[in-house]
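Numbering-wise, my numbering comes out as the position in the sequence shown, counting from 1, plus 2.
In this text, a Cβ means the ideal position worked out from N, Cα and C, and glycines have one as well.
A quick write-up on the structure given underneath.
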Amino acid sequence: MEEYLIISARTLFLYFVILFVFRLMGKREIGELSILDLVVSIMIAEMAVVAIENTKDPLLHTIYPMIILMVIQIGLAYLSLKSQKLRDIIDGKPTVIIDKGKIDEHEMRKQRYNLDDLLLQLREKDIRNVADVEFAILEPSGKLSVFQKDKTKPQSETFDFEWPVILDGIVQEEQLERLNKTNLWLRQQLRKLGYKEIKKISYCTYNNNNDTFYIDIKDEKK
3 MEEYLIISAR TLFLYFVILF VFRLMGKREI GELSILDLVV SIMIAEMAVV
53 AIENTKDPLL HTIYPMIILM VIQIGLAYLS LKSQKLRDII DGKPTVIIDK
103 GKIDEHEMRK QRYNLDDLLL QLREKDIRNV ADVEFAILEP SGKLSVFQKD
153 KTKPQSETFD FEWPVILDGI VQEEQLERLN KTNLWLRQQL RKLGYKEIKK
203 ISYCTYNNNN DTFYIDIKDE KK
């Protein structure tokens with residue numbers, strides 16, 4: 003009976019410890035997990051199970067590595083806010099799987115993502131025909147974001163989409179290449195709008211259908 007009471011007490015204690023740890027690591031843990039989040043979650047869960055089963059082992063031996071993981075996670079999350087390259091390494095980058103209605107087999111091979119996976123995720127979104135898709139983006143979480151063709155518009159009309167051309171002060175060359183635009187063109191357009199320093203721009207999108215920009219300045223106060 004005493005052993006069951008100890009197990010119950012350790013379970014309850016570790017429950018609140020893990021809850022506290024995940025709250026400190028931020029709300030991003032609650033949503034879809036990135037690879038790093040998944041690794042940390044699995045490790046913390048394994049530690050908790052071992053600690054509950056091994057009642058003779060001091061709880062400090064479990065709590066200490068949990069705190070180390072929490073510090074690492076918070077530190078990497080903070081650094082990733084400052085560096086897009088680090089975010090790409092840790093979380094990965096979104097990949098365009100269908101571009102203007104055409105499947106990109108090269109990108110699919112790079113992501114080890116096959117046609118069965120693609121068709122399954124399209125069916126889950128009630129899309130039966132690949133020809134109905136203008137763009138499909140494979141997110142770092144594995145989720146497929148799909149933008150269907152607007153059948154009310156003429157085929158010759160450009161697809162209306164907000165393309166992210168600047169993230170955290172860094173020009174997204176891949177997006178510009180997809181738009182058939184250059185870095186010089188972007189800088190010239192921004193200068194016309196009164197924005198001379200790219201590094202001060204937190205987020206900038208370009209709508210290639212109506213030729214408009216959305217621009218958000220870093221730490222801009224209302």
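Count Cβ pairs between the segment 121-141 and the segment 97-110 that sit closer than 8 Å; are there 3 or more? Yes, they touch.
Between the C-alpha atoms of Gln75 and Ala50, what's the straight-line distance to the nearest angstrom? Going from the Cα of Gln75 to the Cα of Ala50 covers about 18 Å.
Where does the unbroken beta strand (DSSP E) through Pro67 begin, and where does it stop? For Pro67, there is no enclosing beta strand (DSSP E); the enclosing alpha helix (DSSP H) covers residues 62-84.
Would you kindly work out how many angstroms separate the C-alpha atoms of Asn211 and Phe163, rounded to a whole number? Cα-Cα distance, rounded: 7 Å.
Rounded separation between Lys145 and Leu61 - CA only: Near 38 Å, if we compare the C-alpha coordinates of Leu61 and Lys145.
Cβ neighbour criterion (16 or more within 10 Å) applied to Tyr6: Exposed.
Classify Ile129 as helix, strand or coil using the three-state DSSP reduction. Looking at Ile129 - three-state DSSP - the assignment turns out to be coil, as it is neither helix nor strand.
List the whole-angstrom C-beta distance separating Phe215 from Tyr205, where the pair is believed to meet the contact cut-off of C-beta under 8 Å. With 8 Å as the limit, Phe215 and Tyr205 do not qualify as a contact, their Cβ atoms being about 11 Å apart.
Proximity of Lys202 and Lys220 at Cβ, strictly below 7 Å: Taking the C-beta atoms as reference points, Lys220 is found nearer than 7 Å to Lys202.
Could you check the C-alpha separation between Gln174 and Val148 for me, to the nearest Å? When rounded, the distance between both Cα atoms is 21 Å.
I need the straight-line Cα distance from Leu78 to Leu21, nearest angstrom please. Using only the alpha carbons, I get a separation of about 20 Å.
Contiguous alpha helix (DSSP H) assignments of at least 4 residues, all confined to the segment 96-145: Positions of the alpha helix (DSSP H) runs, each at least 4 residues long and wholly inside the segment 96-145, are given as 107-112, 117-126 in order along the chain.
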